[in-house]
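Have a look at the structure below before the remarks.
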Amino acid sequence: MLIIKCPYCGDRPELEFSYGGEAHIDRPVRPADLSDEEWNAYLYTRSNPKGLHAERWRHIHGCARFFNAVRDTRTDMFVTTYKVGETAPTGEDA
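In the working numbering, each residue's number is its place in the sequence shown (first place is 1) plus 13.
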């Protein structure tokens, strides 16, 4: 079982969390002005890197807060977690 560090509650088992998708996706300022293709890309097109990936998670069986995490998709290991609104760590901090 994976242990995920909630930035609010500390280390908890993975069963307490729910994946929320890719992190740092900005909602369009004027969605009604987007073409069908642009709206489709906003809703469904996500990066799928091999390696480090910033993701949103929710501690559903704990504090119920959303937070961001950097996870290595090659190993499924979490590198770091951080609160929503904080900048994603880079380099050696990630």
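We put the beta carbon where it would ideally sit given N, CA and C, even for glycine.
Contact holds between the stretch 29-39 and the stretch 60-80, because three or more Cβ pairs, one in each stretch, are under 8 Å apart. Closest by C-alpha distance to I16, out of A101, G98, R84, is R84. Restricted to the stretch 37-100, the alpha helix (DSSP H) segments that are unbroken, complete and at least 4 residues in length are 49-57, listed in chain order. Taking all protein chains in view, the Cβ of H74 is surrounded by fewer than 16 other Cβ atoms within 10 Å, so the residue is classified as exposed. Excluding the 5 residues flanking it on each side, F30 has same chain C-beta neighbours closer than 7 Å at I17, W70, R71, H72, I73, in chain order.
Among the bridge pairs identified by DSSP, Y32 is matched with W70. Exclusion of the five residues before and after A101 leaves A36, H37, A67, N81, V83, Y95, A107 as the residues of its chain whose Cβ lies within less than 8 Å of its Cβ.
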